[in-house]
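Residue numbers (this note's numbering): -16 to 375.
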């Protein structure tokens, strides 16, 4: 016990964060400390700045030519010009609108990534709570079996039991000891994953109580709520707006470009000054770009519809899991609360009403039922977390 306490203190001094039955607080810590979230945030900030470029006219062009005449008396020629190339005027308004849609989409994409990371943190935290509950049950089994082995070893010394019975008890003890170790190993693996999600900062989770599940409405109501708040669907919707805007912009870019400016020329002591005007005839530069934009829009419409269908089916799958798991939990809880299986088996064994083999055989039914109860609880919590991902 002393070593256990010192171990915990060591973790605390090593920037450990204690979790007191609050999965949400762990999720918030991960949101603050997760390095992938920080990198993703910087990435989308860079993309937002990128989408703000290219909205202004082209840079003006300044040219100066000094030409030496030949023969000697021909004189020298000086040319100076300043020109400005412009897209068709409506293109600048469309570029600005396109930029606004692209920037809005980056916020949604950042939210999608954020929710994926936070959901993973929540699921891993629920996994640890499940393993904590399982650990408590395994330690109870371990204590009972240790007591049984000690009692049988004393009886063996007195000649009340044979060595075969003691060996069976020892074998059962070894099995449970390995289950305890494997469970703890799995628990440490999950805690390491949570530490990775938390920027390398360890988190202690000692809870054996799940967070309270929210009220679950009818499927159609829940599915509509999820669809209305799913940022990934909003990403696809925004992508369609972007592609529609790109089609409009491409049509404007296919119109002639305008060039205007000032031009002066000096030769043989004479100077000529005036305005420069030009037009670009759109023949080859943007060929097939409009068709490509239209094809991209059709593709995005298709994958948006596919995602909506897949998301609905996924939601239905988790919703059905809730119904099945909840019934299992209630039935197991009602039955297990009325049983005093270990005490009854111990008494029957002590009175000689059952053999050690029968004892372990009957005990295994209780163990299996309790393990399934814990598994159903965990799966229920996972399904709830996935359905309510949009709230993270």
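Just so it is clear, CB atoms sit at the ideal spot from N, CA and C, and this is done for glycine as well.
The continuous alpha helix (DSSP H) containing residue 352 extends over residues 339 to 370. Closest option to residue 93, judged by alpha-carbon separation, among 194, 261, 213: 213. A contact is defined here as three or more CB-CB pairs under 8 Å, and the region 277 to 291 meets this definition with respect to the region 225 to 233. Note that the C-beta distance between residue 117 and residue 354 is below 9 Å. Using a C-beta cut-off of 8 Å, the region 247 to 260 makes contact with the region 60 to 76, since at least three inter-stretch Cβ pairs fall below that distance.
Rounded to the nearest whole angstrom, the C-alpha separation of residue 206 and residue 304 is 15 Å. Taking 9 Å as the cut-off, the beta carbon of residue 300 is found no closer than this to the beta carbon of residue 272. 308 is the residue among 308, 274, 189 whose C-alpha sits nearest the C-alpha of residue 359.
Residue 361 and residue 310 have their C-alpha atoms spaced approximately 14 Å apart.
Between residue 23 and residue 181 a beta carbon distance of about 16 Å is seen, past the 8 Å cut, so the two are scored as non-contacting. In the structure shown, residue 79 adopts helical secondary structure according to DSSP, grouped into three states. Contact between the region 286 to 301 and the region 332 to 343 is absent: fewer than 3 CB-CB pairs across the two stretches fall below 8 Å.
Scanning the region 17 to 82 from its first residue to its last, the whole alpha helix (DSSP H) runs of 4-plus residues come out as 18 to 34. Residue 152 is positioned such that its CB atom lies closer than 9 Å to that of residue 131. Counting other Cβ atoms within 10 Å of its Cβ, residue 74 reaches 16 or more and is therefore classed as buried. In summary, residue 368 is buried, with 16 or more beta-carbon neighbours lying within 10 Å of its beta-carbon over all protein chains present. With respect to residue 274, residue 236 sits apart: the two C-beta atoms are not nearer than 9 Å.
For residue 198, the secondary structure class from DSSP, reduced to helix, strand or coil, is coil. Per the Cβ contact rule, the region 185 to 204 is not in contact with the region 41 to 60 (fewer than 3 Cβ pairs under 8 Å). About 32 Å separates the beta carbon of residue 370 from that of residue 349, a gap too long to meet the 8 Å contact definition. Annotation for residue 268: no beta strand (DSSP E) segment contains it, and DSSP assigns it neither H nor E. Within the DSSP secondary-structure output, residue 110 pairs in no beta bridge. Collapsing the DSSP output to three states places residue 257 in a strand. Burial is judged here by how many other beta carbons sit within 10 angstroms of a residue's own beta carbon; residue 21 has fewer than 16 and is exposed. Under the three-state reduction of DSSP, residue 243 is assigned to strand.
The closest CA to that of residue 218, considering only 171, 283, 199, 249, is found on 283. Shown here for residue 241: same chain residues with a beta carbon closer than 7 Å to its own, the five before and five after excluded, namely 69, 262 in chain order. Contact between residue 101 and residue 375 holds, with the beta-carbon distance rounding to 4 Å and staying under 8 Å.
In this structure, DSSP gives residue 179 a helical state, which the three-state scheme calls helix.
Annotated three-state conformation of residue 336 is coil, per DSSP.
Assignment of residue 188 by DSSP, reduced to helix, strand and coil, places it in the strand class. Beyond the five residues adjoining it in sequence on each side, residue 216 comes within less than 8 Å, by CB distance, of 210, 287, 290, 291, 294 in the same chain, given in chain order. 136 is the residue among 157, 159, 136, 158 whose C-alpha sits nearest the C-alpha of residue 148.
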